[in-house]
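Position 169 of the sequence shown, counting from 1, maps to 1126 under the working numbering, and the rest follow consecutively.
C-beta atoms are modelled at their ideal positions from N, C-alpha and C, and glycine is treated no differently.
Since we're looking at a predicted model, the values are computed, not measured.
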Amino acid sequence: MSTDCENPRKASPRLTARGLQRRHALIEAATRTFIEHGFEGATLDMIIDLAGGSRGTLYSSFGGKEGLFAAVIERMIEEIFVAPDPGSAAHDSLERVLEHYGRRFLHGLLAPRSIGLYRLIVAEAPRFPQIGEHFYTLGPERSYQLLAERLGQLHGIQADRQTLSLVACQFLEMLKADLFLKAVSMPAYTPASEDIEQRLQLSVKIIAHYLQATP
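See the structure below:
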């Protein structure tokens, strides 16, 4: 059976300012409800109680619970991985670019809200495989591409595009390492700022040394 989750980027009708506000309120309420109760445990009544509005508004905007879940994941991707980054162009050295992208990536990924949604995606991926694929393609994979493109713009970097894509993936995954696994598997765990910075600086040194040594 087809659901809205198979096409989470499906175009929505043009909305008024009030309509956009209602849509945002429903997505925000759904995010909180799905994180707390999971997809199966969450009900439309719970979401409407938090957001206000009516079932009619929810159904006309999202088509139902599955479409609302897809919209929640869509917003997560935008907030963590593809939000505008006006500061990236200000850095012109390899180390500064790696630090900027790495710090921004880690802080977004390790935020409690992001961890909660990540757990939700993993739990619901067997039910909605398209959501999992969509998350990976427009989230992590796109992050690798953006960093690889920025590295390729730097003066003195000789690595080819394929190598830069591999390096970007390795760098961002190296950053996550134990911090991300602990945050996902241990609800009471909050990574300390100094631990984040320590891993960031070590990862920057490793990747910068590799790229500078690549002919």
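In this structure, DSSP gives M1143 a state outside helix and strand, which the three-state scheme calls coil.
Between I1037 and S1071 the beta-carbon gap is near 5 Å, inside 8 Å, which marks them as a contact. In the three-state reduction of the DSSP assignment, T1120 falls in the helix class. In the three-state scheme derived from DSSP, where H, G and I count as helix and E and B as strand, R1084 is classed as coil. Shortest Cα-Cα distance from E1130 to any of R980, I1034 and Y1058 involves Y1058. Straight-line measurement puts the Cα of R1099 at about 10 Å from the Cα of C1126. In the displayed model, D1049 falls within coil according to three-state DSSP, outside both helix and strand. No residue range can be given for T1171, since it is assigned to no alpha helix (DSSP H) and is classified by DSSP as neither H nor E. Listed in chain order, the non-local C-beta contacts of L1111 below 8 Å within the same chain comprise D1049, S1050, L1051 and V1054, local neighbours out to five positions each way being set aside. If you look at T990, you'll find it in the alpha helix (DSSP H) that goes A974 to G998. When C-alpha distances from S1017 are compared across R980, A1068, L1108 and D1006, the shortest belongs to R980. With a 10 Å radius around the Cβ and a threshold of 16 neighbouring Cβ atoms, Y1146 comes out exposed. The segment 995-1011 makes no contact with the segment 1087-1101, as fewer than three CB pairs between them are under 8 Å. In the three-state reduction of the DSSP assignment, P1148 falls in the coil class, being assigned neither a helical nor a strand state.
Using a Cβ distance threshold of 8 Å, R1156 and L1132 count as a contacting pair.
Residue burial annotation: R975 is exposed, with fewer than 16 other C-beta atoms found within 10 angstroms of its C-beta.
The residue from G995, R1060 and A987 with its alpha-carbon nearest to that of L1025 is A987. In the three-state reduction of the DSSP assignment, H1166 falls in the helix class.
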